[in-house]
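Peer 1: Letter by letter, the sequence shown follows residues 128 to 185 of the working numbering. Right, I'll just put the structure down here and ask away after.
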Amino acid sequence: MGIPIVTSLQFSAALAVIASAAIIAGVVLLAGAAWGLIAAGVLGLVGAFLFYEPAGKR
């Protein structure tokens with residue numbers, strides 16, 4: 128089967144979705160561990176922005 132080829136746009140979009148879900152879950156829980164989810168979500172969104180390559184310019 129092999130390793131699937133993932134473009135930076137696909138990776139960035141997936142990371143943004145996962146990060147957004149972590150933020151939403153953290154806000155819903157708002158407990159001690161929830162702050163970790165919120166922080167991880169924010170860092171994930173930053174990572175998604177940094178991995179995003181518009182039109183494959185890199």
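Every residue gets a Cβ at the ideal spot worked out from N, C-alpha and C, and that includes glycine.
Short of 7 Å in beta carbon distance, which residues of its chain neighbour L142, apart from the five on each side in sequence? Order them along the chain.
Peer 2: G171, G174, A175, F178
Peer 1: Assign I145 to one of three DSSP states: helix, strand, or coil.
Peer 2: helix
Peer 1: Can you tell me the Cα-Cα spacing of T134 and A161, whole angstroms?
Peer 2: 31 Å
Peer 1: Under 8 Å, do G129 and G153 count as touching if we go by C-beta distance?
Peer 2: no
Peer 1: Can you give me the C-alpha to C-alpha distance between A166 and I151, rounded to a whole angstrom?
Peer 2: Near 11 Å, if we compare the C-alpha coordinates of I151 and A166.
Peer 1: If you follow the alpha helix (DSSP H) that V133 is in, where does it begin and where does it stop?
Peer 2: It is not in any alpha helix (DSSP H) - V133 carries neither H nor E in the DSSP assignment.
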